[in-house]
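Take 1 as the starting number for the sequence shown in full-length UniProt numbering and just add one per residue.
Here is the structure we will look at.
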Amino acid sequence: MIGTNTYLHFMGNAQEAFNFYKSVFGGEFKNIQHYKSLDSGKKMSPEDREKLIHITLQISDDICIMASDVLDSMEIPFNEGNNFHICMHTENEQEADRLFGALSAAGKIDMPLNKTFWGAYFGMCRDKFGIQWMINFDNQLSR
């Protein structure tokens with residue numbers, strides 16, 4: 001495994017929250033993407049188009065936090081208290097498959113492992129204890 005990070009979910013105020021976290025921890029924004037950058041974003045309300053599909057705050061060489069805004073139209077509802085995932089970054093797809101299979105057994109698959117529009121092999125699940133996981137293999141990270 002390459003490492004882990006915490007992935008947070010917000011109800012439309014991810015940018016505000018991450019501006020606050022940057023003021024507390026320092027660091028730099030490494031990646032900011034809005035829903036309007038997606039093809040499907042054209043069908044969204046103007047308000048939802050401006051929300052964040054992804055943001056990364058790189059705090060140090062080894063520490064980053066990531067987040068996105070949850071939209072009302074998403075299948076997974078926003079609930080304060082369950083609005084985070086542990087994201088495991090793997091060295092290859094086989095390791096991602098192994099971890100995802102073990103974690104989702106007797107749990108729930110929220111998003112099956114698959115190639116994504118951003119190029120990673122990615123999936124989300126909840127284990128049998130209710131802990132939410134993101135499993136991510138990104139060739140860019142493994143180099």
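Backbone N, C-alpha and C define an ideal beta-carbon position, used for all residues, glycine too.
Being a predicted model, the structure only gives us computed values, none of them experimental.
Worksheet item: Does the distance from the CB of A67 to the CB of A120 come in under 9 Å?
Response: no
Practice prompt. Within 10 angstroms of the Cβ of M124, are there 16 or more other Cβ atoms? Answer buried if so, exposed if not.
Written response: buried
Fill in: Nearest-angstrom beta carbon gap, D127 and W118 [assumed within contact, 8 Å]
W118 to D127, Cβ: 24 Å. No contact.
Item to complete: Would you check if the distance between the CB atom of I32 and the CB atom of T90 is smaller than 9 Å?
Response: no
Fill in: Delimiting residues of the alpha helix (DSSP H) encompassing Q15
A14 to F25
Worksheet item: With 16 as the cutoff for other CB atoms within 10 Å, does I135 come out buried or exposed?
Response: buried
Fill in: the region 73-87 touching the region 95-108, judged by at least three CB pairs closer than 8 Å
no
Practice prompt. Identify which residue in T116, I131, F129 and G130 has its Cα closest to the Cα of N139.
Written response: T116
Discussion item. Pop quiz: Y35 and I53 are said to be a contact at Cβ under 8 Å. What is the actual Cβ separation, rounded to whole angstroms?
Written reply: 5 Å
Worksheet item: If you count every other CB in all the chains shown that lies within 10 Å of the CB of F18, and 16 or more means buried, which is it?
Response: buried
Discussion item. Please list the terminal residues of the continuous alpha helix (DSSP H) segment that includes A96.
Written reply: E93 to S104
Worksheet item: When you compare each of D48, M11, L103 and I131 to V70 by their alpha carbons, which one comes out closest?
Response: M11
Worksheet entry | Inter-residue spacing [alpha-carbon to alpha-carbon] between E28 and A106 | 39 Å
Practice prompt. Taking D48 as part of the alpha helix (DSSP H), name the residues at either end of that continuous run.
Written response: P46 to R49
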